[in-house]
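Participant: Provided herewith is a single structure, encoded as structure tokens, for subsequent inquiry.
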Amino acid sequence: MKKPLLLVAMLFGVAAFAQNSYTLTTYTSEYSNLIDSTPADLSDEGGEPWDDPNFVIPFGFDFEIGGETYNSAFQIDYGAFMAFGDIANIETDQFQVFGIYDDIADLAEIEGQEPSLINYVIDGEPGNKIAKIEYTNAGFYDAINADEPAVENLTNFQLWFYEANGIMEIHFGESNIPDMDLAYFQNSGPTIACGLNYLYNSETVDYGATVKGDPINPSLFEYTDLGATYVQGTNSLNVTPASGRVYRLTPSIETGVDDVNLPEFSIYPTIAKSEIWVKDVKVDNATYRIMDITGKEIHTGKLQTKTSINVSSLRSGLYIISIDGVGNTSKFIKN
């Protein structure tokens, strides 16, 4: 079995907190396969089923993370772990990393199985673009290479990277993992991890975070030096998330060089019958999401200048609204 060396390094060899950090939110949104997507360039695999593949995803926009700006990401190490930096200098340069750190691989390695696909698409208008990377029916290395391969172990998910303010998300689709011992590095659920200024050779990182615990009500485990307190399995989700579950990491502060706070918004009225208005931030054409108190997405749409949001069709109750690219959420009551 392969070992999760990168994650262990992130959890053991870390320095003081970077100026950048993240906040975690979770919500549900129906999982949809990407449309008109482009296959990742897996030419380095030589036509063979992929395992720890090397490929680059061009974003076509500037993405801010770790105080730097990048226009592409590349696969690093195991799993679906995307890195930002100069791939030509992987041995010496620092990188920013985010993704699922579990050892996934191509199910086509098992004779008679359809290939697992990696595709991407760049959605949205300038200023609000999103790079989406999709893994379809990905298998697990240990399941594929077991004495009796577990062909039924597979997972579907997408990584989203927002042009607006460096937001990152993981969207889970349907998964089928009857044999947990052959997935997740012997943990009980996936490991979602983020690292800033990761140095490959010395295995250090300035800031690390993993999403852990209950998939519906998780916590963000942030660390600078975990040392001997690290116990395998305690820093991942404790079960596989259901299809439609989304985890969002939002920079606690602007990741650009000016270190300006993320924009925030408010709404009025906070007790509404038919409509609400957004104020205090310029968010024209940004996506808003209305969720119930369980985090289930009820309604989504695009904000327009001087246009209210119609909430007349919502049932009476408490709701939460978030806006892509904005650092806070607001609550309102529908009468």
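Heads up: the sequence shown runs through residues -18 to -1, 1 to 317, numbered per mature numbering (1 follows the signal peptide of the UniProt record, and there is no 0). We treat Cβ as the ideally placed atom computed from N, Cα and C, and that holds for glycine. Just so you know, these numbers come straight off a predicted model, no measurement behind them.
Does the region 78 to 87 come within contact of the region 167 to 177, defined as at least 3 CB pairs closer than 8 Å?
Facilitator: Yes, since at least three Cβ pairs between the region 78 to 87 and the region 167 to 177 fall closer than 8 Å, the two stretches touch.
Participant: Considering I303, what are the terminal residues of the beta strand (DSSP E) in which it resides?
Facilitator: As a working mapping, residue 303 is identified with position 321 in the sequence shown. It spans G299 to I305 - the beta strand (DSSP E) in which I303 sits, taken as one unbroken run.
Participant: Could you give the first and the last residue of the continuous beta strand (DSSP E) run that contains Y166?
Facilitator: Within the sequence shown, numbered from 1, the residue matching residue 166 stands at position 184. From DSSP, Y166 is part of no beta strand (DSSP E); its letter is neither H nor E.
Participant: Please classify T192 as buried or exposed, where buried requires at least 16 neighbouring CB atoms within 10 angstroms.
Facilitator: Locating residue 192 in the sequence shown gives position 210, where the first residue counts as 1. T192 is buried by the Cβ-count criterion.
Participant: For V228 and I152, what's the separation of their Cα atoms in angstroms?
Facilitator: Here residue 228 refers to the residue found at position 246 when the sequence shown is read from its first residue. Here residue 152 refers to the residue found at position 170 when the sequence shown is read from its first residue. C-alpha separation (whole angstroms): 6 Å.
Participant: For E204, which three-state DSSP category applies?
Facilitator: Start at 1 with the first residue of the sequence shown, and residue 204 comes out as number 222. Reduced to three states, the DSSP call for E204 is strand.
Participant: Are the beta-carbon atoms belonging to V103 and K114 less than 7 Å from one another?
Facilitator: Sequence index remark: in the sequence shown, residue 103 carries index 121 (1-based). Sequence index remark: in the sequence shown, residue 114 carries index 132 (1-based). Their beta carbons are under 7 Å apart, which means V103 touches K114 by this criterion.
Participant: Are the CB atoms of P223 and F167 nearer to each other than 7 Å?
Facilitator: In the sequence shown, residue 223 corresponds to position 241, counting from 1. In the sequence shown, residue 167 corresponds to position 185, counting from 1. Contact: no.
Participant: Please name the residue in S234, I82 and T51 whose C-alpha comes closest to that of G67.
Facilitator: The count along the sequence shown starts at 1 and reaches residue 67 at position 85. Comparing Cα-Cα distances from G67 to each of S234, I82 and T51, the minimum goes to T51.
Participant: So, at 6 Å on beta carbons, what are the nonlocal neighbours of S304 in its own chain, with the 5 sequence-adjacent residues on each side left out?
Facilitator: Start at 1 with the first residue of the sequence shown, and residue 304 comes out as number 322. Here the set comprises R271 and T311.
Participant: Leaving aside the five residues before and after F56 along the sequence, list all residues of the same chain whose C-beta is less than 6 Å from its C-beta, in chain order.
Facilitator: Working through the sequence shown from its first residue, we reach residue 56 at position 74. Here the set comprises V38, A65 and I69.
Participant: Can you tell which of M273, Y250 and K255 has the C-alpha that lies nearest to the C-alpha of D262?
Facilitator: Against the sequence shown, residue 262 aligns to sequence position 280. Of M273, Y250 and K255, the residue nearest in Cα terms is Y250.
Participant: For E27, does the three-state DSSP call read helix, strand or coil?
Facilitator: Taking the first residue of the sequence shown as 1, we reach residue 27 at position 45. Note: E27 maps to helix in three-state DSSP.
Participant: Does DSSP classify Y123 as helix, strand or coil?
Facilitator: Within the sequence shown, the letter at position 141 stands for residue 123. Three-state result, Y123: helix.
Participant: Taking Cβ to Cβ, would you say L164 is nearer than 7 Å to F122?
Facilitator: Counting from one through the sequence shown, the residue named residue 164 turns up at place 182. Counting from one through the sequence shown, the residue named residue 122 turns up at place 140. It is a contact, given that the beta carbons lie within the stated cut-off.
Participant: Whole angstroms are fine: how far does the CA of L181 sit from the CA of L141?
Facilitator: Counting from 1 along the sequence shown, the entry for residue 141 is found at position 159. Counting from 1 along the sequence shown, the entry for residue 181 is found at position 199. The straight-line gap from Cα to Cα measures roughly 22 Å.
Participant: Distance check for I198 and I58, CA to CA, integer angstroms please.
Facilitator: As a position in the sequence shown, residue 58 is number 76, starting the count at 1. As a position in the sequence shown, residue 198 is number 216, starting the count at 1. In a straight line, the C-alpha of I58 is about 28 Å away from that of I198.
Participant: What is the residue span of the beta strand (DSSP E) that A268 lies within?
Facilitator: Taking the first residue of the sequence shown as 1, we reach residue 268 at position 286. Looking at the DSSP string, A268 is not in any beta strand (DSSP E), and its letter there is neither H nor E.
Participant: For A62, which residues does DSSP report across the bridge?
Facilitator: For the purposes of this step, residue 62 is identified with residue 80 of the sequence shown, where counting begins at 1. Its beta-bridge partners are I82.
Participant: Going by beta-carbon coordinates alone, are V308 and A254 separated by less than 7 Å?
Facilitator: As a first step, residue 308 is located in the sequence shown; it is residue number 326 there, counting from the start. As a first step, residue 254 is located in the sequence shown; it is residue number 272 there, counting from the start. No, the Cβ-Cβ distance between V308 and A254 is not below 7 Å.
Participant: Beta-carbon within less than 6 Å of G238's beta-carbon, same chain only, minus the 5 sequence neighbours each way: which residues are those?
Facilitator: The sequence position of residue 238 within the sequence shown is 256, counting from 1. The predicted model places G238 with a pLDDT of 39, which falls under 50 and marks its position as unreliable, so this point remains unresolved.
Participant: At what residues does the beta strand (DSSP E) containing V103 begin and finish?
Facilitator: Here residue 103 is taken as the residue at index 121 of the sequence shown, counted from 1. Note, V103: beta strand (DSSP E), L99 to D105.
Participant: Consult DSSP for L16 and reduce its assignment to one of helix, strand or coil.
Facilitator: Along the sequence shown, one-based indexing puts residue 16 at 34. Residue state, collapsed to three classes: coil.
Participant: Have a look at the DSSP bridge pairing and note the partners of E279.
Facilitator: Counted from its first residue, the sequence shown places residue 279 at position 297. For E279, which the question treats as bridged, DSSP gives the partners M273.
Participant: Since I302 and K313 should fall inside the 8 Å C-beta cutoff, what is the C-beta to C-beta distance between them, to a whole number of angstroms?
Facilitator: Position 320 of the sequence shown, counted from the first residue, corresponds to residue 302. Position 331 of the sequence shown, counted from the first residue, corresponds to residue 313. Right, the Cβ-Cβ distance comes to about 5 Å (below 8 Å), so this counts as a contact.
Participant: Bridge partners of K288, per DSSP?
Facilitator: One-based indexing of the sequence shown puts residue 288 at position 306. Answer is none; K288 lacks a bridge partner.
Participant: Please name the residue in G28, E27 and T20 whose C-alpha comes closest to that of P40.
Facilitator: Residue numbering aside, residue 40 sits at position 58 when the sequence shown is read from its first letter. Looking at the Cα atoms, T20 is the closest of the given residues.
Participant: Should N2 be labelled buried (16 or more other beta-carbon atoms within 10 Å of its own) or exposed?
Facilitator: Mapped onto the sequence shown, residue 2 falls at position 20. The residue is buried, with at least 16 neighbouring Cβ atoms inside 10 Å.
Participant: Using 7 Å as the threshold, is the C-beta distance between N169 and E134 below it?
Facilitator: Position 187 of the sequence shown, counting from 1, holds the residue named residue 169. Position 152 of the sequence shown, counting from 1, holds the residue named residue 134. No, these two residues do not count as a Cβ contact at 7 Å.
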